[in-house]
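Trainee:
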Amino acid sequence: MSEYDPQALQAKWQQRWEELDPFRASEDAADTRERRYVCDMFPYPSGDLHMGHGEVFAIADVVSRYWFQQGYNVLHPIGWDSFGLPAENAAIKRNAHPAEWTYANIETQATSFKRYGVSFDWSRRLHTSDPDYYRWNQWLFNRFFERGLAYRKGGLVNWCPNDQTVLANEQVVAGKCERCGADVIRRELTQWYFKITDYAQRLLDDMDQLDSWPERLLTMQRNWIGRSEGADVLFQVEGRDEPVQVYTTRPDTLFGATFFVVAADAALAEEIVTDEQRPAFEVYRAEVAKLSDIERMSTDKDKTGVFLGRYAINPVNGERIPVWAADYVLSDYGHGAIMAVPAHDQRDLDFAMKFELPVKVVVHTGLADPGETGVATPGEGKLVNSGPLDGLTKTEAIAKIIDILEVDGRGQGTVNFRLRDWLLSRQRFWGTPIPIIHCPDCGEVPVPDEQLPVTLPDMRGEALAPKGVSPLASATDWVNVECPKCSGPAKRDTDTMDTFVDSSWYFLRYCSPGYTEGPFDPEQVNKWGPIDQYVGGIEHAVLHLLYSRFFTKVLHDMGMVSFTEPFRRMLNQGQVINGGKAMSKSLGNGVDLGQQIDDFGVDAVRLTMIFAGPPEDDIDWADLSPGASQKFLARAFRVMDEVASPPGVSYDGGDLALRKATHHTIDEVTKLLDSYRFNVAVARLMELTSAARKAIDSGPGAADPAVREAAETLAVMLSLVAPYTAEEGWERLGHTGGTVARAGWPVADPALLVRESVTCVVQVAGKVRDRLEVSPDVSEEELRALALASEKVQGHLSGEPRKVIVRAPKLVNIVP
Numbered sequence: 001m002s003e004y005d006p007q008a009l010q011a012k013w014q015q016r017w018e019e020l021d022p023f024r025a026s027e028d029a030a031d032t033r034e035r036r037y038v039c040d041m042f043p044y045p046s047g048d049l050h051m052g053h054g055e056v057f058a059i060a061d062v063v064s065r066y067w068f069q070q071g072y073n074v075l076h077p078i079g080w081d082s083f084g085l086p087a088e089n090a091a092i093k094r095n096a097h098p099a100e101w102t103y104a105n106i107e108t109q110a111t112s113f114k115r116y117g118v119s120f121d122w123s124r125r126l127h128t129s130d131p132d133y134y135r136w137n138q139w140l141f142n143r144f145f146e147r148g149l150a151y152r153k154g155g156l157v158n159w160c161p162n163d164q165t166v167l168a169n170e171q172v173v174a175g176k177c178e179r180c181g182a183d184v185i186r187r188e189l190t191q192w193y194f195k196i197t198d199y200a201q202r203l204l205d206d207m208d209q210l211d212s213w214p215e216r217l218l219t220m221q222r223n224w225i226g227r228s229e230g231a232d233v234l235f236q237v238e239g240r241d242e243p244v245q246v247y248t249t250r251p252d253t254l255f256g257a258t259f260f261v262v263a264a265d266a267a268l269a270e271e272i273v274t275d276e277q278r279p280a281f282e283v284y285r286a287e288v289a290k291l292s293d294i295e296r297m298s299t300d301k302d303k304t305g306v307f308l309g310r311y312a313i314n315p316v317n318g319e320r321i322p323v324w325a326a327d328y329v330l331s332d333y334g335h336g337a338i339m340a341v342p343a344h345d346q347r348d349l350d351f352a353m354k355f356e357l358p359v360k361v362v363v364h365t366g367l368a369d370p371g372e373t374g375v376a377t378p379g380e381g382k383l384v385n386s387g388p389l390d391g392l393t394k395t396e397a398i399a400k401i402i403d404i405l406e407v408d409g410r411g412q413g414t415v416n417f418r419l420r421d422w423l424l425s426r427q428r429f430w431g432t433p434i435p436i437i438h439c440p441d442c443g444e445v446p447v448p449d450e451q452l453p454v455t456l457p458d459m460r461g462e463a464l465a466p467k468g469v470s471p472l473a474s475a476t477d478w479v480n481v482e483c484p485k486c487s488g489p490a491k492r493d494t495d496t497m498d499t500f501v502d503s504s505w506y507f508l509r510y511c512s513p514g515y516t517e518g519p520f521d522p523e524q525v526n527k528w529g530p531i532d533q534y535v536g537g538i539e540h541a542v543l544h545l546l547y548s549r550f551f552t553k554v555l556h557d558m559g560m561v562s563f564t565e566p567f568r569r570m571l572n573q574g575q576v577i578n579g580g581k582a583m584s585k586s587l588g589n590g591v592d593l594g595q596q597i598d599d600f601g602v603d604a605v606r607l608t609m610i611f612a613g614p615p616e617d618d619i620d621w622a623d624l625s626p627g628a629s630q631k632f633l634a635r636a637f638r639v640m641d642e643v644a645s646p647p648g649v650s651y652d653g654g655d656l657a658l659r660k661a662t663h664h665t666i667d668e669v670t671k672l673l674d675s676y677r678f679n680v681a682v683a684r685l686m687e688l689t690s691a692a693r694k695a696i697d698s699g700p701g702a703a704d705p706a707v708r709e710a711a712e713t714l715a716v717m718l719s720l721v722a723p724y725t726a727e728e729g730w731e732r733l734g735h736t737g738g739t740v741a742r743a744g745w746p747v748a749d750p751a752l753l754v755r756e757s758v759t760c761v762v763q764v765a766g767k768v769r770d771r772l773e774v775s776p777d778v779s780e781e782e783l784r785a786l787a788l789a790s791e792k793v794q795g796h797l798s799g800e801p802r803k804v805i806v807r808a809p810k811l812v813n814i815v816p
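Residue numbering for the sequence shown follows UniProt numbering, beginning at 1 and increasing consecutively.
(1) Which residue's Cα is closest to the Cα of residue 862: Ala-376, Arg-569, Ala-286 and Gln-171?
(2) Please check if any C-beta of chain D sits within less than 8 angstroms of the C-beta of Tyr-133.
(3) Between which two residues does the beta strand (DSSP E) harbouring Tyr-534 extend?
(4) Shortest alpha-carbon distance to Lys-810 belongs to which of Val-329, Gly-799, Arg-784 and Gln-14?
(5) According to DSSP, is Ser-629 part of a helix, a strand, or is it coil?
(6) Would you tell me roughly how many angstroms separate the C-alpha atoms of Val-361 and Ala-352, rounded to the nearest one?
(7) To the nearest angstrom, how far is it from the Cα of Gly-117 to the Cα of Gln-201?
(8) How is Trp-139 classed by DSSP in three states: helix, strand or coil?
(9) Rounded to a whole number of angstroms, what is the C-alpha to C-alpha distance between Ala-475 and Ala-343?
(10) Residue ranges of each beta strand (DSSP E) run of no fewer than 3 residues wholly in the segment 484 to 529, ordered along the chain?
(11) Excluding sequence positions up to five away, which residues of its chain have a Cβ less than 7 angstroms from the Cβ of Gly-379?
(12) Pull up the distance between the alpha-carbon of Gly-537 and that of Arg-771, whole angstroms please.
(13) With a Cβ-Cβ cutoff of 8 angstroms, do Asp-183 and Ser-292 count as a contact?
(14) Taking DSSP as the reference, what is the three-state secondary structure of Trp-192?
(15) Do you know whose CA, among Pro-86, Glu-668 and Arg-677, lies nearest Thr-713's CA?
(16) My output table needs one value for Met-570: the three-state DSSP class, helix, strand or coil.
(17) Near Asp-617, which residues of its chain fall below 6 angstroms by C-beta distance, leaving aside the five closest residues on each side in sequence?
(18) With DSSP as the reference, label Ile-434 as helix, strand or coil.
(19) With a threshold of 8 angstroms on Cβ separation, who are the neighbours of Phe-632 within its own chain once the five nearest residues in sequence on each side are excluded?
(20) Mapping the DSSP letters down to three states, classify Ser-228 as helix, strand or coil.
(21) Look up Lys-301 in the DSSP assignment and say whether it is helix, strand or coil.
(22) In whole angstroms, what is the alpha-carbon distance linking Leu-752 and Arg-659?
(23) If you follow the beta strand (DSSP E) that Ala-325 is part of, which residue opens it and which one closes it?
(24) Could you spell out the range, first to last residue, of the beta strand (DSSP E) harbouring Arg-179?
(25) Just how far apart, CA to CA, sit Thr-725 and Gly-154?
(26) For the beta strand (DSSP E) holding Asn-314, just list the boundary residues, first then last.
(27) Work out the CA separation of Ala-634 and His-735 for me, nearest whole Å.
(28) Only counting the same chain, and skipping five residues up and downstream in sequence, which positions put a Cβ closer than 8 angstroms to that of Glu-276?
(29) Quick check: Ile-434 and Thr-496, are their CB atoms within less than 8 angstroms of each other?
(30) Out of curiosity, what's the CA-to-CA distance linking Glu-178 and Arg-509?
(31) Taking the Cβ atom as the reference point for each residue, do Phe-550 and Leu-203 lie within a distance shorter than 8 angstroms?
(32) If we count the other Cβ atoms within 10 Å of its Cβ and call it buried at 16 or more, is Asp-327 buried or exposed?
(33) Run through DSSP, which three-state label would Arg-771 get?
(34) So for Thr-552, helix, strand or coil by DSSP?
(35) Which residue comes first and which comes last in the beta strand (DSSP E) that contains Gly-413?
(36) Please confirm whether Ala-681 and Val-639 have their CB atoms less than 8 angstroms apart.
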């Protein structure tokens, strides 16, 4: 190739990399290099790679290749999150098996990944839909079941009417299914759960280990876990033997409770409603069932409810307060019932004013009476109308009322969490079968480990169509089995696991993908883990990341891993948009990654992604120019191609100015990469390319050793973002038989980083009037004197200046 030809470079080096396998992690016990583990959130094989993949895998590849160059033993694996609804829906449409669509797409993506030049260790490849993988999902489920962390219960669940399956709370976004966007409804079903709430406090406490995570992500997790301190208070309801427990964060306001509210869909409401009120309640309950939780909790929604015909007894003053059913209380919050203090809670006040219920002020905040203004006063103040609490502050009153409740046996101080247990069962086919057998005599019996995996039966096409229950229920030969305990007739559980189970531990399997004695080899996991750099989208903050943290803590408690947090550092990439909007078929603004690569080459696309801005920022493709990136790469290629000095030549005699530019680039790019400022690092490489080009064209010439040093530095550093161009340039520089990816990161010479002088800009009234060459160590006093002594500056002054601002050694600003 005499000219820069991206497609020819790609064809040549893809084949060469297949032969060299340069990115295989070493498991040699004699290899003493420090280990580094880079992991991308693995892709779902719904089709070929898209622009979002192009960004996230380019970002992770910069980190991986950088660490390879620095001499670390790097693990950078790849796999596919290959169970899930898209494959099942495609199979129904095509009258096929989901595996056919899934594995065809995996091969398409694998080919595209190799074309994209990502530094994967392909020997670690895994697919979560392989029985060799999901066998261990089932094994882990059994271990969780043995520890009481997997259990089955009935209750109201989130139901997607479009996908015909239940959803975890985390998979409902603004009242809609996070997968398909359908409005989520509530259904009464018996489902499997993981008891993540047992780990709620540890999930919060261990965030202290995550100081390298984005603060926004940590805030999202804290808010989702939602720890609050308060009290459980026992209210006696007339006509019911057992008291009703209510959780409140403001037990100091108990004397202001004037009515009691039960979630309309809670079992308690149906239990205590009187016969007289039942008809109205049944109508109301049916209306509430049509609403999403988001709609019910909206502060803008008009308050609705129905009196249940019962009264509760306020435990602190003995007052009878009416019990209502309402939609603004959720059955899974606290205990599904609240004490209503309308003077100091806006939702309670709105309800009280709608139904003409009493409003009693018990905290004097200095604001007007809420019963008159319609505005609740939730702030702090001194307690009033509260008997023994009168005159106390909020903090003092909370402590005292908890003491009173605990002494009298009417309540206790407690901690509550917004987090709910993880609902993991799904009523679809393409997932891991839950390894439980239901026996009429023995109950829930785990499938013995030696019988795992429980593999999916051969079902396809219309047999997979959603029916409100799992398609597996119709596979009678598969469902009907012997009980492992009593050998009597029994049935398999027909639900499959949420695919987030697959992704909660896959990164551990990468450490020993062929291991057969367990889900992973603990020795290898403890050598590689926890992950040093994890890269993926912020949209998984309260899904995949929370679940993975939970799994890791359980596995730690089981003695299988030595760490309690799976990811040391987390990097969230932005979104690739087009014309200011997310890409979509309906908008007609989609950009095809494969077409961009065909038009401009892999390196130009990767470089454009990285150079567009900080990794966490959105990229608007309409504002970018892969064509300009291609032109820069062609310039860099020509610099490397034209070097005329031989390999191994001493750089010491080379042009000093260019050598300094090279070593300043090494120093700055290294620091920029360490701080994730990849786009600025690319800018520095562009500057070095220009400096080398200038030296070749109008300086010492292509044979100068400093030009070779600059070109070799450029090749090594450019390999992080433009591997094809860098590889060819490295070979043209005379380095044959290997790969630039293992050339070794250059080290800046401190002696060449010393600046003999710097340029100081002198401004008068905001305009540049002179430039002074000064020592980098010049003092503020000396620089001030030099600036004021300048003839160019004096010509713009008449008398003593009002102010002189000195920022040594680079700026003096004079205000006349």
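Don't be surprised by glycine CBs; every beta carbon is placed ideally from N, CA and C.
Mentor: Walking through what the data contain:
(1) As displayed, the chain neither begins before 1 nor continues past 816, which places residue 862 out of reach and without an answer.
(2) Checking the listed chains, one finds no chain D in this structure; it contains a single protein chain.
(3) Position 534 of the sequence shown, counted from the start, is the residue given in the question as residue 534. It spans 533 to 537 - the beta strand (DSSP E) in which Tyr-534 sits, taken as one unbroken run.
(4) Mapped onto the sequence shown, residue 810 falls at position 810. Taking only the C-alpha atoms, the option nearest Lys-810 is Arg-784.
(5) Translated into the one-based positions of the sequence shown, residue 629 becomes position 629. Ser-629 carries a helical assignment under DSSP once its states are collapsed to helix, strand and coil.
(6) Here residue 361 refers to the residue found at position 361 of the sequence shown. Here residue 352 refers to the residue found at position 352 of the sequence shown. In this structure, the CA atom of Val-361 is about 13 angstroms from the CA atom of Ala-352.
(7) Reading the sequence shown from its first residue, position 117 is the one you call residue 117. Reading the sequence shown from its first residue, position 201 is the one you call residue 201. One Cα belongs to Gly-117, the other to Gln-201, and the distance between them is close to 42 angstroms.
(8) If you number the sequence shown from 1, residue 139 lands on position 139. Three-state result, Trp-139: helix.
(9) Within the sequence shown, residue 475 is the residue found at index 475, counting from 1. Within the sequence shown, residue 343 is the residue found at index 343, counting from 1. Cα to Cα, the separation comes out at about 58 angstroms.
(10) Fully enclosed beta strand (DSSP E) runs of 3 or longer: 489 to 492.
(11) Looking up residue 379 in the sequence shown gives position 379. Hits under 7 angstroms: Thr-365.
(12) Position 537 of the sequence shown, counted from the start, is the residue given in the question as residue 537. Position 771 of the sequence shown, counted from the start, is the residue given in the question as residue 771. When rounded, the distance between both Cα atoms is 47 angstroms.
(13) Counting from 1 along the sequence shown, the entry for residue 183 is found at position 183. Counting from 1 along the sequence shown, the entry for residue 292 is found at position 292. Result yes, Cβ atoms of Asp-183 and Ser-292 sit closer than 8 angstroms.
(14) On the sequence shown, residue 192 is found 192 positions in, with the first residue counted as 1. Three-state DSSP puts Trp-192 in a strand.
(15) Indexing the sequence shown from 1 puts residue 713 at position 713. In this structure, Glu-668 is the residue among Pro-86, Glu-668 and Arg-677 with its C-alpha nearest to the C-alpha of Thr-713.
(16) The count along the sequence shown starts at 1 and reaches residue 570 at position 570. Strand.
(17) Start at 1 with the first residue of the sequence shown, and residue 617 comes out as number 617. The beta carbon of Asp-617 lies closer than 6 angstroms to those of Gly-574 in the same chain, with the five residues before and after it left out.
(18) If you number the sequence shown from 1, residue 434 lands on position 434. DSSP places Ile-434 in the coil class of the three-state scheme, outside both helix and strand.
(19) In the sequence shown, residue 632 corresponds to position 632, counting from 1. Only Leu-607, Met-686 and Thr-689 meet the Cβ criterion.
(20) On the sequence shown, residue 228 is found 228 positions in, with the first residue counted as 1. Look at Ser-228 here: in three-state DSSP terms it is strand.
(21) As a working note, residue 301 is residue 301 in the sequence shown. Of the three classes helix, strand and coil, the one that applies to Lys-301 here is coil, per DSSP.
(22) What you label residue 752 is simply residue 752 of the sequence shown in a count that begins at 1. What you label residue 659 is simply residue 659 of the sequence shown in a count that begins at 1. So the alpha carbons of these two residues sit roughly 7 angstroms apart.
(23) As a position in the sequence shown, residue 325 is number 325, starting the count at 1. Counting along the chain, Ala-325 sits inside the beta strand (DSSP E) bounded by residues 320 to 326.
(24) Against the sequence shown, residue 179 aligns to sequence position 179. Counting along the chain, no beta strand (DSSP E) covers Arg-179, and no H or E run does either.
(25) Counting from 1 along the sequence shown, the entry for residue 725 is found at position 725. Counting from 1 along the sequence shown, the entry for residue 154 is found at position 154. Each residue's Cα considered, the two are about 60 angstroms apart.
(26) For the purposes of this step, residue 314 is identified with residue 314 of the sequence shown, where counting begins at 1. First-last for Asn-314: undefined, no H or E at that position.
(27) Your numbering for residue 735 matches position 735 in the sequence shown. Your numbering for residue 634 matches position 634 in the sequence shown. Each residue's alpha carbon lies about 20 angstroms from the other.
(28) Sequence index remark: in the sequence shown, residue 276 carries index 276 (1-based). For Glu-276, the CB contacts under 8 angstroms within the same chain, skipping 5 residues up- and downstream, are Gly-309 in chain order.
(29) As a working mapping, residue 434 is identified with position 434 in the sequence shown. As a working mapping, residue 496 is identified with position 496 in the sequence shown. Pairing Ile-434 with Thr-496 gives a Cβ-Cβ distance under 8 angstroms.
(30) Here residue 178 refers to the residue found at position 178 of the sequence shown. Here residue 509 refers to the residue found at position 509 of the sequence shown. A direct Cα-Cα distance of roughly 27 angstroms separates Glu-178 from Arg-509.
(31) The residue labelled residue 550 in the question sits at position 550 within the sequence shown. The residue labelled residue 203 in the question sits at position 203 within the sequence shown. Yes. Within cutoff.
(32) For the purposes of this step, residue 327 is identified with residue 327 of the sequence shown, where counting begins at 1. Looking at its Cβ environment, which holds 16 or more other Cβ atoms inside 10 Å, Asp-327 is buried.
(33) For the purposes of this step, residue 771 is taken as the residue at position 771 of the sequence shown. In this structure, Arg-771 counts as strand in the three-state DSSP scheme.
(34) Your numbering for residue 552 matches position 552 in the sequence shown. Taken through DSSP and simplified to helix, strand or coil, Thr-552 comes out as helix.
(35) On the sequence shown, position 413 is the one that residue 413 refers to. Looking at the DSSP string, the run of the beta strand (DSSP E) that includes Gly-413 is 411 to 417.
(36) Here the question's residue 681 lines up with position 681 in the sequence shown. Here the question's residue 639 lines up with position 639 in the sequence shown. When the beta-carbon positions are compared, Ala-681 and Val-639 stay at least 8 angstroms from each other.
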